[in-house]
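Chemist: I am attaching a structure below and will ask some questions about it afterwards.
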Amino acid sequence: MVKKKRQKKTKRPINFGHMFKKLQQRFKFFDGWLFLGIVIVMIFGCAMVYTASTNMATGSAASFFVKQAIFGILAVVTLLFIYLLPISWESNFYRICVNGVTILLVGILLFTLLFGPVTSGAKGWLYFAGFGFQPVEYFKTALILWCAWRFSKTLRNYKPEQGDLIWRLWRIQNLLFPGLGIVLTMMMPDMGGVVILGLILLAMSFTAGVSIFYLITVVVLIIAVLVFIPYVVPFFEKIGFMTYQLDRFEAYIDPWSVGDGAGHQLINSYYALSNGGFFGRGLGNSIQKLGLLPEPNTDFILAIIGEELGAVTVIALLLFMGAIVLRFMWYAINTHNMQYRLILFGISAYLIIQIFINLGGVTGLLPITGVTFPLISYGGSSLLSWGITFGLAFNIIGKLRQEAYQRGE
């Protein structure tokens, strides 16, 4: 018998035209205006990091600018990469990933609590090859995904005769790992992180349909805590409990009484905002950043913006950020998919909460918590976490826009 020669399989050349066409189709449903708004805020943030870092002892203004710009680009690339991922939001694989990432981050939070270095009175950071990593920033996004999945599953199976919805949503199965993460964050202690995580959880619970009665109850409890803070601070100081955080509460109550200590930062923030007036002293002309105001390029960058560019620019920035939040919320309101709605509302709440906690700290309306201003304050870890968070939101938005297109809307 004559043996037939095997024909060698020829490798097909990569069809770049087909790949480009698929990308073009995918980006057809990309919200370009929302993306542009986020990029504009990030560019403005880079410019303000540069001017706010003029007198920093840990590096030149140019070095801070370059680092912020690099991480800004990485955040944008991350956003686009996640947008292009074929995420099946209802699949078992997605649920396994959410479970795995949430549990992993709880483990990293525990490791940080046990072995992390103390920075500004708390253990919130891990350092690898000179890069600072703040696990709680990523846990906030994981909490949103976890709660959206668990809450939407609960709502599908919920019947009114089972009792009040809040007790179905807040079962141990739903809140075990989010609760562990919040407790570990509290033990670090990172009060800003705890407040943000707690408020995100509440916002998503009410989005899921929890009664307004519970919202009023929570608000009353928060007001009661704020009223009694002046009376409990001296007691906790005597027993040496969380003295660093208590100093911040004392500065919040009366910064002038501790002007040489915990009140120093807030007092100089007042001076910065006062110096700026309505239209500012001009870009680069801040006085308070010259060694008077600590953390001018991170927690208190909003004070420098107010001093150099005035209250008008601060208000414009807040309105611009508000427009971004409203865009996310518009998509959330206009979808019937409960998991999508919870994720988009959760991200909107996260953005609003972080903005107002930072604004409250800078203006003295809230205690200083170390919470940064989203997309503006210096910090690569924060920018990357926002890149991931926005990437997930854009992935959902792309699907919603595609569905609307297919329906002819």
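Sequence positions in the sequence shown follow the numbering used here and run 607 to 1015. Idealized CB from N, CA, C, for every residue including glycine.
Lys895 and Ala681 - do their beta-carbons sit closer together than 9 angstroms?
Modeler: Contact: no.
Chemist: Helix, strand or coil: how does DSSP classify Leu732 here?
Modeler: Reduced to three states, the DSSP call for Leu732 is strand.
Chemist: Only counting runs of 3 or more residues, tell me where the beta strand (DSSP E) segments fall wholly within the region 670 to 753, in order along the chain.
Modeler: Listed in chain order, they are 732 to 734, 737 to 739.
Chemist: Look at Trp731 and Phe721 and say whether their C-beta atoms are less than 9 angstroms apart.
Modeler: In this structure, Phe721 does not lie closer than 9 angstroms to Trp731 by Cβ.
Chemist: According to DSSP, is Gly643 helix, strand or coil?
Modeler: Three-state DSSP puts Gly643 in a helix.
Chemist: Starting from Asn661, trace the alpha helix (DSSP H) in both directions and tell me its first and last residue.
Modeler: Here Asn661 belongs to no alpha helix (DSSP H), and DSSP marks it neither H nor E.
Chemist: Assuming Leu821 contacts Ile959 under a Cβ cut-off of 8 angstroms, what Cβ separation, rounded to an integer in Å, is found between them?
Modeler: About 15 angstroms; that fails the 8 angstroms criterion.
Chemist: In chain order, what are the residue ranges of uninterrupted alpha helix (DSSP H) at least 4 long that sit wholly in the region 867 to 908?
Modeler: 870 to 882, all fully within the region 867 to 908.
Chemist: Out of Phe996, Glu1009, Ser669, which one is the CA nearest neighbour of Leu751?
Modeler: The shortest C-alpha separation from Leu751 is found at Phe996.
Chemist: Drop a sphere of 10 angstroms on the beta-carbon of Ala735, count the other beta-carbons inside from all chains shown, and report buried for 16 or more, exposed for fewer.
Modeler: Classification of Ala735: exposed, given that the 10 Å Cβ count is below 16.
Chemist: Whole angstroms is fine: what's the gap from Leu690's alpha carbon to Ile1002's?
Modeler: Spanning the two alpha carbons is a distance of roughly 11 angstroms.
Chemist: Decide if Leu971 is buried, meaning its Cβ has at least 16 other Cβ atoms within 10 Å, or exposed.
Modeler: Classification for Leu971: exposed.
Chemist: To the nearest angstrom, how far is the alpha carbon of Phe783 from that of Ile714?
Modeler: Near 13 angstroms, if we compare the C-alpha coordinates of Ile714 and Phe783.
Chemist: Within its chain, find whatever has a CB closer than 6 angstroms to the CB of Gly986; leave out the 5 residues flanking it on each side and keep chain order.
Modeler: Here the set comprises Phe677.
Chemist: Rounded to the nearest angstrom, what separates Leu923 and Leu889 at their Cα positions?
Modeler: Approximately 15 angstroms, taken between the alpha carbons.
Chemist: Which same chain residues, not among the five before or five after Ile845, have their C-beta less than 7 angstroms away from its C-beta?
Modeler: The predicted position of Ile845 is uncertain, since its pLDDT is 49 and thus under 50; a value taken from the coordinates is nonetheless stated next. No residues qualify anywhere along the chain.
Chemist: Please tell me whether Ile828 and Asp905 are closer than 9 angstroms, where the distance is taken between their beta carbons.
Modeler: No, Cβ-Cβ distance for Ile828 and Asp905 is not below 9 angstroms.
Chemist: Check each candidate in Ile921, Leu965, His942, Ile953 and name the one with the smallest Cα separation from Ala1010.
Modeler: The shortest Cα separation from Ala1010 among Ile921, Leu965, His942, Ile953 belongs to His942.
Chemist: To which residues of the same chain is Gly651 closer than 6 angstroms at the C-beta, ignoring the five residues directly before and after it?
Modeler: Excluding positions up to five away in sequence, the list reads Leu981, Ile982.
Chemist: Output the boundary residues of the alpha helix (DSSP H) element that contains Phe636.
Modeler: Where Phe636 is concerned, there is no enclosing alpha helix (DSSP H), given that its DSSP letter is neither H nor E.
Chemist: Secondary structure at Ser758, three-state DSSP: helix, strand or coil?
Modeler: Three-state DSSP puts Ser758 in a helix.
Chemist: Relative to the C-alpha of Gly869, which residue among Phe717, Asp853, Ser880 is closest?
Modeler: The candidate whose alpha carbon is nearest that of Gly869 is Asp853.
Chemist: DSSP on Tyr937, reduced to helix/strand/coil?
Modeler: The answer is helix: DSSP assigns Tyr937 an H, G or I state.
Chemist: State buried or exposed for Gly912, treating a residue as buried only when at least 16 other CB atoms are found within 10 Å of its CB.
Modeler: Buried is the call here.
Chemist: Mind checking whether Ser811 and Leu775 have CB atoms under 9 angstroms apart?
Modeler: The answer is yes: Cβ separation under 9 angstroms.
Chemist: Can you tell me whether Trp862 is buried or exposed? The criterion is at least 16 other CB atoms within 10 Å of its CB, across all chains shown.
Modeler: So Trp862 counts as exposed.
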